[in-house]
Each structure stands twice: as C-alpha cells, then as structure tokens.
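Q: Pasting a structure here, questions to come.
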Amino acid sequence: MAVRLQDTLTGETRPLEPLEPGHVRIYSCGPTVYGPAHVGNFRSFLFADLLVRYLRYRGLRVTWVMNVTDIDDKIIKRAQEADETIEALGNRWIERFLADAAALRLTTPDVLPRATRHIDEIVGLIERLEAGGHAYRTPDGSVFFRISSWPAYGRLARLDPTQLRVGERVESDEYGKDDVRDFALWKGAKPGEPSWDTALGRGRPGWHIECSAMSMRHLGPSFDIHTGGVDLVFPHHEDEIAQSEAATGAPFVRTWLHCAHLRLGGEKMAKSTGNIARVVDLLEAGVSPRALRYALLAVHYRQGLDYTETALAAAGAAIDRLDAFVAALDLYRQDVADDPEVATVLRASRNAFEAALDDDLNISAALASVFELVRDVNRRIDARSISTADARSILAAVRDLDRVLGLLPDGGVDLDPRVAVLLDDRAAARAARDWSRSDALRDELLGLGVAVEDTRDGQRWRRAESQA
RNA sequence: GGCGACGUGGUGAAGUGGCUUAACACGGAGGUCUGCAAAACCUCUAUUCAGCGGUUCGAAUCCGCUCGUCGCCUCCA
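Numbered per the working numbering, the first sequence finishes at 476, counting up by one with no gaps.
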C-alpha cells in the first residue's frame, strides 16, 4: 500500500510516485522574517513536518526545502522603522523562527534558502521569461509577468482570470502595468529601498519569483510536492506555476498540498488583521511545546481548526496520558513468560497506524490506533500479564511510531541533580513509611514540574506537561 | 457578484452505502486498586449524524432543496 495524497490542482487523491524512485523532493513555503511566527504559520509547517517524517518512516529518502522570505515590502518597512538593514532584521527573526521550530520539534529542513541569496537565479529566471515573451518591462525599471501569455493561469485556484475583481483591491498601477492582473517579477529600485545591480537593472525581486527560483535551484525544474497554507493558493502558487512552467516548459510540481486555516475566535488567524497568537508568547507564558504541537497536529491538515485554550488543555491531557504510559513501561518489571499476544497487538497497531497515514495523512485515525494500543497495554500492565521484555519491546515499538508523531517525552533526559536527590529522599521516606515526609517531598517536586506517582514497581516520575 | 469547503455527543474529531444503535482524545458521573494522592483499569455519558424530501433491500455516508458556518477572489502559512 502506498502513500496517497490529495493534490489541490486536480483534486485527485493519488498514490505518491516520486519522479526519482525512492526519493521525494518537497518544497514548503516557509516564514517571512519580519516578526515572530504565529501558531497558524506553524500549523502549516508542522503539517509539512508530519509529511516528511512519515515518508522517511516509510523508508523514502526525502529532500526537504523550506524557503525563508527575507525581502519584501513589510520587511523593508520594518527595517526602516528600526533603522537597521534587512539583513540584520532577517537574521534576528530567522533565529527566532529556528528557536520556535526547535521547541515544537519541527524537523530541520535540509535546505533553508533565503531569497536574498538567490538573486542570480531570480534574475536568470526572469531573463528566460522575457526571452520567451512572458514578461515585459515598465518605465520605472520593473518587470512584470504577462498573464495573457499563459492560458492555464487560474487553474490551481479555479479562478477565471477574466473574472478577477480587477480594480477593487488589486494592487494599483503604480508600476505602470499593461494589465492590472499582471504581477511583478522584479521591482525597479526606489530611493531608500534595498536593491541589487543586475542585468535587469537596479531593483529587487517580486514576491513569487523567489520560490520558483529557489525550488528549481535546490530541487530541479520539476519536483514532487509543494506545500503551504491555503491562503497561498492564490495568487502566490498560481503565479509560481505560471512563471515556472513558462520559463522551463516543464511541469513544475507533481502534487500540491495545502493546509487549512487555523482560526482564532472563529476567524482566520492572520498577521495582517492582528488576529494572532504568537508561538514565542505562548512558550514564554509556559505553554507546553508538546501540547501545542499536539493541538496543531491532531486535526487533519485540510480541515479548519480553532485554536482555543480548551483545545490546548485537552492536548496537554492527551500528552500526559502518553507520558504516563511511557513512564509505566519504563519502570515495569515482571518475571513471567512473554505474552504471546504482544507481537500480534503491536503488528495490528502498526498496520492501523500506517493505513491511516497512507490515506492522505489521516492523523486522527493514526492517533486513535496509538491510543488503542495504550489502553490495551495498560490493561496488561494492570494484570501484570506481560514480561519485562514485553514492556521493552512495546516501548520500542511506540517510540518507533513516534518518529512520525514527535510527541513522546525525550528518553534519557538529564535529570536535574536537585530533583534526583529529592526523588531519592522520597523513596527512602516511603521505605521508612514516613508518609508526611514523603508527601511533603511530593509537593515540593510538583512545584519543580515533576509529577511523582507510586506504583507496584516503585516510585515513578514524569514531567507535568499540563501544569504549564 | 464568482468560486470552494464544511455542519457527527458536553467539547475536539474518525467514519463517506451493510463490519458502526458511530473510533479515538478531552470533559463529566459511578466503581476497583492504593497509607494518601496520582496514574491505570472497569461501567455509564449521541437509538443518532444541521433540517426537510428523495434514491436504495439498506444512508451519517448517494441526490435535491433549505438553513447555518468558514474560506478564496487582496498582503497572508
């Protein structure tokens, strides 16, 4: 059974067949670095992360490119306001992005190309478009893509180009376009704005061209999967297809994947409206990163999702359940014969997990298979019917599935020495049946974010994620 | 105005023609275990899938209409 994905362009759900067998090339639209990312941005990054992790789990080689937009109108404006270069501003926010990404356990992309480092590729691409009659210059030194030269324009977004609501809020004709629907490939230099001296003249790249140039540079003229939020379907990805295919004559992307919006207060989360929850703010407020990851990941990517405190708390509780499960398996010791059913249970669980994710990344069903396993195994733990070795192999199997999910607590985390001492003291107090002391130590540990529980296998502890 | 998605319990959500009088998670009620607590386990928590009509031996699942929500057509993940 192969991984099947729903392509935005055709609407079909097709088996993934990489252009190069066994090697999947993926490009994801990444952050625009003029401020901190919000959780909606990360929803789309995490959905791409899930895809990449799953394909790798499936044994495929994946080359994952995520671009960083470090030159655009807003970045220029912010840099001017802060009296710094766009380079410095970009560096600052890239660092913030990487920190947020690490906290949310985003797989590090293989390449994180920056637009400003690909000016040559961008210029080269625009020159090819000009040579092919798909682009034209305006008196101010800008270059535009001529939509009328590309009949397939509008296919991705299912828009009729002649029906676009021209003149309402479409970018004004300040650059002297032939047709208001044409989009900028290159913007002629303006005083006070960063610009590059190139064969096209002085100026800077438009927004869409960078993704065509960088994806081609790092993945070739045709590649397998391109991801992004639905809000990028039009015009960004539509424009990418037009300019890429017009330049190369090759089909640009095999499968387009778009993630639905994250909502806040019932409305789309978007920087422009200020309707956002920033990742960095949440992390600083002590929200558990794993709970946040769970909340953003646990709903199918094409389904709209509301970001709420309730959902975050529920996600934290689900994470706690997983943590308790891992802790129980870790500590479990029972000298009995191996349970012959364990292998069957694990196999069924893995099959269900893979069948779910094969089906266009059905994460809800995949998580269900994990939680069904959790309950089944907890029953066996209660009954003491599995062996120590069984517990080991179950834990190994669950950790293997977690290569895809990235939700389980880190194994072998360094325990704060202070905490270790308290745990030892408490174990000693319990051995001496000194309940008041052991209870006091338990409270103290909880204050340090460590939940202690007593079981037949002894005292066990775990990080109290949902306490955050 | 054009185009599209969606509407399942207290909440999120899977299921898209019979395996489902509906998975899984969260929440709630009761119970078992336990020095206590927590965790875990057990039982219960939608005879019903927005409403109405139709197709079918059979529908949450297909078709039509109605109502409602959200999105795209503009910077945006």
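Note that the Cβ used here is the ideal one computed from N, Cα and C, for glycine as well.
1) Helix, strand or coil for Met-277 per DSSP?
2) Could you compute how far the alpha carbon of Leu-481 sits from the alpha carbon of Leu-208?
3) Could you name the residues of the same chain whose beta carbon sits closer than 6 Å to that of Val-385, not counting the 5 residues immediately before and after it, in chain order?
4) Determine the direct distance from the alpha carbon of Leu-27 to that of Thr-263, and round the result to whole angstroms.
5) Tell me the rounded alpha-carbon separation between Ser-377 and Ile-94.
6) Taking just the CA atoms, how far does Arg-434 sit from Arg-445?
7) Out of curiosity, what's the CA-to-CA distance linking Ala-108 and Asp-186?
8) What did DSSP end up calling Thr-340 once you bin it into helix, strand or coil?
9) Measuring CA to CA, which of Ala-90, Ala-322, Arg-64, Arg-470 is closest to Asp-366?
10) What are the complete alpha helix (DSSP H) segments, minimum 4 residues, inside the segment 259-327?
11) Take Ala-428 as the anchor and find which of Leu-456, Arg-411, Val-412 has the nearest alpha-carbon.
12) Evaluate the contact criterion for the segment 18-38 versus the segment 71-91: three or more CB pairs, one atom per stretch, below 8 Å.
13) Pairing CB atoms from the segment 293-311 with CB atoms from the segment 223-232, are three or more of them under 8 Å?
14) Comparing alpha-carbon positions, which option in Ser-150, Leu-97, Arg-61 lies nearest Thr-115?
15) Please specify which runs of the beta strand (DSSP E), each continuous and at least 3 residues long, are wholly inside the segment 71-154, giving them in chain order.
16) What are the uninterrupted segments assigned as beta strand (DSSP E) that are 3 or more residues long and contained completely in the segment 443-471, given in chain order?
17) What are the partner residues of Arg-22, as DSSP defines its beta bridges?
18) What is the residue span of the beta strand (DSSP E) that Asp-366 lies within?
19) Which residues bound the beta strand (DSSP E) around Arg-163?
20) Considering only DSSP beta bridges, list what Gly-236 is partnered with.
21) From the DSSP output, in three-state form, read off Tyr-35 for me.
22) Which residues share a DSSP beta bridge with Trp-215?
23) Going by alpha carbons, who is nearest to Lys-82 out of Arg-310, Gly-48, Leu-290, Tyr-42?
24) Of the choices Phe-50, Val-458, Thr-281, whose alpha-carbon is the least far from that of Tyr-309?
25) What did DSSP end up calling Arg-69 once you bin it into helix, strand or coil?
26) Tell me where the beta strand (DSSP E) around Phe-191 begins and ends.
27) Anyone know if the C-beta pair for His-126 and Gln-251 falls short of 9 Å?
28) Assuming the contact rule is C-beta atoms closer than 8 Å, Ile-284 and Gly-48 should be a hit. Round their C-beta distance to whole Å, please.
29) With burial defined as no fewer than 16 other Cβ atoms inside 10 Å of the residue's Cβ, what is the status of Pro-159: buried or exposed?
30) In the DSSP assignment, find the unbroken beta strand (DSSP E) run with Thr-396 in it and report its ends.
31) Let me know the secondary structure DSSP gives Gly-175 once reduced to three states.
32) Excluding sequence positions up to five away, which residues of its chain have a Cβ less than 8 Å from the Cβ of Ala-416?
33) For Gly-209, which beta-bridge partners are listed by DSSP?
A: The answer reads as follows:
1) Against the first sequence, residue 277 aligns to sequence position 269. Note: Met-277 maps to coil in three-state DSSP.
2) One cannot answer for residue 481 here, as it falls past the ends of the chain, which runs 9 to 476.
3) In the first sequence, the residue the question calls residue 385 occupies position 377. Around Val-385: Ile-402.
4) Taking the first sequence and counting its residues from 1, the one referred to as residue 263 is at position 255. Taking the first sequence and counting its residues from 1, the one referred to as residue 27 is at position 19. Distance between the alpha carbons of Thr-263 and Leu-27 is about 11 Å.
5) Stepping through the first sequence from its first residue, residue 377 is reached at position 369. Stepping through the first sequence from its first residue, residue 94 is reached at position 86. Taking the straight line from one Cα to the other gives about 47 Å.
6) Stepping through the first sequence from its first residue, residue 445 is reached at position 437. Stepping through the first sequence from its first residue, residue 434 is reached at position 426. Arg-445 and Arg-434: Cα-Cα distance of roughly 7 Å.
7) The residue given as residue 108 occupies position 100 in the first sequence. The residue given as residue 186 occupies position 178 in the first sequence. Correcting the residue type first, residue 108 is Asp in the shown sequence and not Ala. Looking at the two C-alpha atoms, the distance is approximately 43 Å.
8) Here residue 340 refers to the residue found at position 332 of the first sequence. The sequence given here has Tyr at residue 340, not Thr. Note: Tyr-340 maps to coil in three-state DSSP.
9) By 1-based counting over the first sequence, the position of residue 366 is 358. For the residues Ala-90, Ala-322, Arg-64, Arg-470, the minimum Cα distance to Asp-366 belongs to Arg-64.
10) 287-292, 297-305
11) The sequence position of residue 428 within the first sequence is 420, counting from 1. With distances taken between Cα atoms, Ala-428 lies closest to Leu-456.
12) Taking a cut-off of 8 Å for Cβ pairs, the segment 18-38 and the segment 71-91 touch, as three or more such pairs fall below it.
13) no
14) Here residue 115 refers to the residue found at position 107 when the first sequence is read from its first residue. Among Ser-150, Leu-97, Arg-61, the Cα nearest to that of Thr-115 belongs to Arg-61.
15) 143-145, 151-153
16) 458-463, 466-471
17) For the purposes of this step, residue 22 is identified with residue 14 of the first sequence, where counting begins at 1. Answer is Leu-13.
18) As a position in the first sequence, residue 366 is number 358, starting the count at 1. Not the beta strand (DSSP E): Asp-366 falls in the alpha helix (DSSP H), residues 350-366.
19) On the first sequence, residue 163 is found 155 positions in, with the first residue counted as 1. Element bounds for Arg-163: n/a, residue is neither H nor E.
20) For this step, residue 236 is matched to residue 228 along the first sequence. The bridge partners DSSP lists for Gly-236 are His-266.
21) On the first sequence, residue 35 is found 27 positions in, with the first residue counted as 1. Looking at Tyr-35 - three-state DSSP - the assignment turns out to be strand.
22) The residue given as residue 215 occupies position 207 in the first sequence. For Trp-215, which the question treats as bridged, DSSP gives no partner whatsoever.
23) Numbered from its first residue, the first sequence carries residue 82 at position 74. Selected option, being the one with the closest Cα: Tyr-42.
24) Locating residue 309 in the first sequence gives position 301, counting from the first residue. Nearest of Phe-50, Val-458, Thr-281 to Tyr-309, Cα basis: Phe-50.
25) One-based indexing of the first sequence puts residue 69 at position 61. It is a strand residue.
26) Residue numbering aside, residue 191 sits at position 183 when the first sequence is read from its first letter. First-last of the beta strand (DSSP E) with Phe-191: 191-196.
27) Position 118 of the first sequence, counting from 1, holds the residue named residue 126. Position 243 of the first sequence, counting from 1, holds the residue named residue 251. Taking 9 Å as the Cβ cut-off, His-126 and Gln-251 do not qualify as a contacting pair.
28) Residue 284 sits at position 276 when you count from the first residue of the first sequence. Residue 48 sits at position 40 when you count from the first residue of the first sequence. Confirmed, about 7 Å.
29) Here residue 159 refers to the residue found at position 151 of the first sequence. Flag for Pro-159 reads exposed.
30) Here residue 396 is taken as the residue at index 388 of the first sequence, counted from 1. Where Thr-396 is concerned, there is no enclosing beta strand (DSSP E), although the alpha helix (DSSP H) it sits in stretches over 396-413.
31) Counted from its first residue, the first sequence places residue 175 at position 167. The pLDDT assigned to Gly-175 is 43, lower than 50, so where the model puts this residue is not dependable, and the model offers no usable value.
32) As a position in the first sequence, residue 416 is number 408, starting the count at 1. At residue 416 the sequence reads Leu, which differs from the Ala that was named. Hits under 8 Å: Leu-330, Asp-331, Val-334, Val-406, Arg-407, Asp-410.
33) Residue numbering aside, residue 209 sits at position 201 when the first sequence is read from its first letter. BP columns for Gly-209 point to Thr-206.
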